[in-house]
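Q: All letters in the sequence shown, in the order written, are residues 11 to 120 by our numbering.
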Amino acid sequence: TVMALPRQHPNFTFRQEAVAEQTLPGAADTVSEHLRQFCGEAEGSRMLKMDVEGAEFAAILACDIDVLASFDQICLELHWLGRPQRDGGVGMQAAALEKLLDAQFVLLHA
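Here's what the structure looks like:
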């Protein structure tokens, strides 16, 4: 896991905590809760960068579509796409990606 930012920047907030489908005190929180804690009701551009070693699909599915749509950009590292027996299988993976499409995101693999 990443221990800290390589250098501080006033436009970035870093907290060494995972994103998950539910709150795990001291270890992980939901996308919605992270957004509430860091942004509150503040307006402005928002980017979500998430690399959570396979928990990304469940985290997206647990998130309200309005919360997802509040981001201008979402950058995900997707895990286990070639191993459908892991992390909920192909059905869960497809449902999470479809939810991003429903929130009006363009999916791009680079």
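Cβ coordinates follow ideal geometry from the N, Cα and C atoms, glycine included.
Can you pull the DSSP bridge partners for VAL62?
A: Answer by DSSP bridge pairing: none, since VAL62 is not bridged.
Q: Examine the Cβ distances between the stretch 63 to 74 and the stretch 34 to 42 and report whether three or more of them are shorter than 8 Å.
A: Touching, yes.
Q: Smallest Cα separation from ALA104: which of GLN26, LEU118, LEU71, LEU15?
A: It is LEU71.
Q: Using 8 Å for Cβ pairs, my map puts CYS85 next to LYS109. What's the rounded Cβ distance?
A: 16 Å between Cβ atoms; not a contact.
Q: In chain order, what residues of the same chain have a beta carbon less than 8 Å from the beta carbon of MET57, not counting five sequence neighbours either side?
A: Hits under 8 Å: PHE81, ASP82, GLN83, ILE84, CYS85.
Q: What does a CB cutoff of less than 7 Å around ASP61 pick up in its chain, not counting 5 residues either side in sequence?
A: Same-chain partners within the cutoff: GLU87.
Q: Does CYS73 pass the burial test, meaning 16 or more other C-beta atoms within 10 Å, or should it be called exposed?
A: Buried, because 16 or more other Cβ atoms sit within 10 Å of the Cβ of CYS73.
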